[in-house]
Every structure is written in structure tokens, then in C-alpha cells.
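Novice: Can you keep this structure in mind? I'll have questions shortly.
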Amino acid sequence: MKKLIPLVIILVAILGLAYYIAPKLPQQTDVRPLGEFYLQNSYFGDYSAKSPEVVTSILWDYRGVDTLFETAVFFLAIIGSLTLFRLNKRQEKAAKQKTEEFTGGLTIVVKSVTKIIVVMILAVSASIALHGHLTPGGGFQGGSALAVAPLLIIAAYSKYT
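In C-alpha cells form, the structure reads like this:
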């Protein structure tokens, strides 16, 4: 409770400042040149973007290299995490012994429901990825949704649970 009171006070102060200061801020009436270019050319643009969806148009036509480097950073973060969390020979041996000794597992209900949910996750992630050119979303969001499926399978069928 002692930690909650300062948080409530800070939250009320921030909301109060926002409520009283926001109406006094000047309104933006001018569009910057880059924004003007995106507005004119992103949605069924004359010569550059031919996508029916503005988010996809901006991401792939104007920010493609940026998206490529974001993907590279994501990949390097995964590689770095795997490097940090790998086991040495002694730890692997201890983990194998614990696995052989453990005979537990989750119930048949959890495993059956997992099979159904994984199929639904695969369908939703495919839908997000394949309809990315029509709606906000696409490859990254579809891939993020798809990444949940193997994690769920590992959690349900692992020998450690």
C-alpha cells in the first residue's frame, strides 16, 4: 500500500497537467514536406506506391531498408540470447539426469486443448500475414503470432512441466 500511494499521486499529477496544459498548446496546422509526400503518394500513388493499404505502402516502399535492419537487429538479439543461455557440458549432463528422473507432465486435457489452439494460432497468423497488404499488419505481426505456437507446444508437451 505504501508503494501505491506515490504512484497514484504521480498519476493524478500527470493527468492534471495534461488536462490543463493540452488546451493551451498551439495546434499544428501545417503539414511538413515529408508528411505531404507520404499523404500524396502512399495511398494509390501516381508513380511510387501501388498498395491499397497505406501502412504497407510506407513500410515497404519508403522504409524497406529500415525494416530490413530492424529484422537484422531482431535476429542478432535472438543469437545473443541463445549464446548467453546455452549450457556447458556439466549443465547439460545435470539437465539430462533431471529429465530422466522426472516422470510427470501435464494432463491429457491440457494436451488436447493445446492441439486445437495451435491450429487456431496457425490459421490466425497465416491470415494476418497473407492479408497484410489489405489491413494494418503483415509479416512481422503474423510471424509474432506464429511464434506463440511452438512455445505453447513446448510448454504443454515438455518433460519439465
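So the number in the numbering used here is just where the residue sits in the sequence shown, counting from 1, plus 1158. Yeah, the Cβ is synthetic: ideal placement off N, Cα and C, and Gly gets one too.
(1) May I ask which residues mark the beginning and end of the alpha helix (DSSP H) holding Pro1184?
(2) Between which residues of its own chain and Ala1314 is the CB-CB distance below 7 Å, once the five residues before and five after are set aside?
(3) Where does Leu1245 fall in DSSP's three states?
(4) Rounded to a whole number of angstroms, what is the C-alpha to C-alpha distance between Ala1253 and Lys1247?
(5) Which first and last residues belong to the alpha helix (DSSP H) in which Leu1264 is found?
(6) Where does the unbroken alpha helix (DSSP H) through Ser1124 begin, and where does it stop?
(7) For His1289, which of Gly1300, Tyr1196, Glu1194 has the nearest alpha-carbon?
Specialist: To lay it out plainly:
(1) For Pro1184, there is no enclosing alpha helix (DSSP H), since its DSSP letter is neither H nor E.
(2) Answer for Ala1314: Leu1264, Val1268, Lys1269, Thr1272, listed in chain order.
(3) coil
(4) Taking the straight line joining both Cα atoms gives about 10 Å.
(5) Premise fails: Leu1264 is in no alpha helix (DSSP H) and is neither H nor E.
(6) Residue 1124 lies beyond the stretch modelled for the chain, which goes from 1159 to 1319, so this question has no answer here.
(7) Gly1300
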